[in-house]
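Quick note on numbering: the working numbering labels position 299 of the sequence shown as 413, and the sequence is numbered without any gaps.
Beta carbons: idealized from backbone N, C-alpha and C, even for Gly.
Remember, it's a predicted structure, so these values are computed and weren't measured experimentally.
These notes are about the structure you will find just below.
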Amino acid sequence: MKKILIVGGVAGGATAATRLRRLSEHDEIIIFEKDEHISFANCGLPYYIGGIISEREHLIIETPETFKSKFNIDVRNFSEVISIDILKKSVTIREVKTGHTYDETYDKLLLSPGATPIWLDILGLEKAKNVFSMRNLVDTDKIYHYIHKEKVQTALIIGGGFIGVELAENLMEKGIQSKIVDVSSQILPPLDYEMAKMAQNELETNGVFVYLNDSVIEIKDEGKTVVLKSGLTLKTDLIIMSVGVRPESRLAITGGLKVGAKGHIVTNEHLQALNAKTNGVVSDVYAAGDAIEVQDFIDGSTTAVPLAWPANRQGRLVADHMNGMNVSFKGVLGTAIVKVFSLTCAVTGNNAKTLDKKKIVYKAITVTRSNHSGYYPGAKDITIKLLFSPETGKILGAQAVGQEGTDKRIDVIATAIKGGLTVFDLPDLELAYAPPYGSSKDPVNIAGYVASNLMKKEYDVVSQEELEKCVKKKHS
Ligand SMILES: Cc1cc2nc3c(=O)[nH]c(=O)nc-3n(C[C@H](O)[C@H](O)[C@H](O)COP(=O)(O)OP(=O)(O)OC[C@H]3O[C@@H](n4cnc5c(N)ncnc54)[C@H](O)[C@@H]3O)c2cc1C
């Protein structure tokens, strides 16, 4: 019988715990969670604010009680693990409500403590009473109650990433006029500029104001007024800080575990933590989820992807490895998707910006096709951008923006990448077709045809920038 401790009871931690129980009925499994809730639906939180998910209980998938009754797992909520001793193989826990501390030894330990929202240091922030971030149910409850109590009419979201955009849409659904301010020239950083523009148009068409290349430099009137770098002054009832997350790795650092340049816990391929001093494997300590560094599946470079799939996959693999299976984590593509009113924006692999930064040579093609047969009512365009190696045809990444069926196209391409297929294989994918669902030449097939034409030098493409340069040259 092993005694297994898990720090963090949501995506990575809860998945590991249930898999551990299925692999062994005898092991003692204890989850420590510093907050009240375990196994809740972080990803559904913005939709609860918007009222699309109407019942708060629907966000709570399991409770400490159901974990005990269904899986015989001991969940200690309101219990923060405050230190690890890798030599004694023990952790110290502080009971959040009483302050009482005690130690627990382990045979195996998993850290899945997640990540915390970044708060920008803005002048006047400390006096504001209406600034929130969204990470968990507690944050969500605070936003929800503030909106209702203060009868919020307007909201300003700092950061146009996935969560910021989801919140903008959901606040609009609630009748709250929303604005997004982002320091970058585009929203949704995983997309390339021209793909993100489609999402921005959709936000603006639906009434969201988007301020790009700008940032909040001062918060006044206890949060009711914000001053932007551009000189604009905006009034707002609510401010959401949504500028990304940083790994919750303090525990790992003080416990002597190795962390990377941005503070993520470093693991080997089996998700075992490394000793900060010796660089050797700390064999009985594992880490998973938002807190860890991972390898990019495309080129093996180091990255971090705070998304639910990696956390869940890693949680399961850790449980398997703790039980003697020779499993390893193969890296991440960063496949992700977001709803922007009637649009779906999805991405997998590297985008052009990332490939440029890494100096990886690539070609890109963009195709726009109907999501299903044009003669069947309701057909809508999907635009797919495909990035690939001009030498080998290896697929390096893809982005898609459209309506129904956009998700499936990116999922097919993500599967193709993981399966090692090249652009030459995409025309050969035999995808399900009937008029309401697709076309006998699916948009993914078409993207493959166009990319293959390019590879075989049957055709060439001219990018928008190249075209604009040519036109300018002609007129100069
Ligand atoms: C609003 C929102 C929407 C999202 N939407 C999506 C989406 O649509 N798709 C997607 O793929 N991903 C989405 N994500 C991201 C996804 O939820 C995370 O990637 C995933 O939950 C990470 O799992 P994790 O186990 O690493 O961390 P978490 O699920 O965050 O769990 C970590 C837990 O550890 C606890 N903890 C931390 N330190 C300690 C300690 N010392 N002692 C005890 N407990 C501790 C924390 O309280 C927390 O509950 C979203 C996240 C948010 C916040």
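Beta carbon of residue i nearer than 8 Å to that of residue j
i, j, result
"V575", "I498", "no"
"G445", "F411", "yes"
"E283", "V454", "yes"
"L173", "L251", "yes"
"G488", "S356", "no"
"P227", "S247", "no"
"E332", "I236", "yes"
"G519", "N485", "yes"
"A433", "G403", "no"
"E150", "F192", "yes"
"A405", "E362", "yes"
"I152", "I118", "no"
"Y547", "D556", "yes"
"V297", "L270", "no"
"L281", "I163", "yes"
"T206", "I196", "yes"
Range of the contiguous alpha helix (DSSP H) that encloses residue i
i, result
"Q314", "307-319"
"C157", "Careful: C157 lies outside any alpha helix (DSSP H) and carries neither H nor E."
"F581", "Reading off the sequence, residue 581 comes out as Leu, not Phe. Here the alpha helix (DSSP H) through L581 covers 578-589."
"G126", "125-137"
"K222", "No alpha helix (DSSP H) contains K222, which is instead part of the beta strand (DSSP E) from 222-225."
Among the options, the one whose alpha carbon lies nearest that of residue i
i, options, result
"L223", "D188, T254, L568, I145", "I145"
"R430", "T132, I379, Q291", "T132"
"M312", "T482, I174, L119", "T482"
"Q517", "C459, I331, Y400", "C459"
"T593", "E362, P424, A242, K343", "Outside the displayed span of the chain (115 to 590) sits residue 593, for which this structure offers no information."
"N320", "S590, V330, S329, G289", "G289"
"L447", "I474, V330, V419", "V419"
"P491", "V452, P504, L159, P549", "P549"
"L500", "Q386, T392, V558, S415", "V558"
"A401", "T416, T392, L365", "L365"
"V330", "G238, A310, K471", "G238"
"D188", "C157, I196, G127, I301", "G127"
"R629", "D542, S577, V461", "Residue 629 cannot be examined here, being either before or after the span of the chain that is shown, 115 to 590."
"R170", "E179, I474, A155", "A155"
"A375", "T416, A493, I167", "T416"
"G158", "I277, L543, D335", "I277"
"M439", "T129, D221, I120, L134", "L134"
Residue range of the unbroken beta strand (DSSP E) whose run includes residue i
i, result
"E332", "330-334"
"K453", "450-454"
"G231", "For the sequence presented, residue 231 should be read as Pro rather than Gly. Where P231 is concerned, the enclosing beta strand (DSSP E) stretches over 229-231."
"K477", "477-484"
"K349", "347-349"
"E218", "215-219"
"K471", "Counting along the chain, K471 falls outside any beta strand (DSSP E), though it belongs to the alpha helix (DSSP H) covering 466-472."
"G463", "457-463"
Beta-carbon separation (whole angstroms), residue i vs residue j, contact threshold 8 Å
i, j, result
"L348", "V340", "5 Å"
"D141", "K182", "Not really, about 15 Å apart at Cβ, beyond 8 Å."
Whole beta strand (DSSP E) elements within the region 174-207, 3-residue minimum: The qualifying runs are 188-190, 193-199.
Residue ranges of each beta strand (DSSP E) within the region 351-427, 3 or longer: For the region 351-427, the continuous beta strand (DSSP E) assignments of 3+ residues that do not extend past its boundaries occur at 352-355, 359-361, 386-388, 395-401, in sequence order.
Continuous alpha helix (DSSP H) assignments of at least 4 residues falling wholly in the region 493-568: Taking only runs of at least 4 residues, the alpha helix (DSSP H) segments lying wholly in the region 493-568 are 520-532.
Whole beta strand (DSSP E) elements within the region 232-294, 3-residue minimum: Annotation: the region 232-294 contains the following complete segments of the beta strand (DSSP E) (minimum length 3 residues), in chain order: 268-272.
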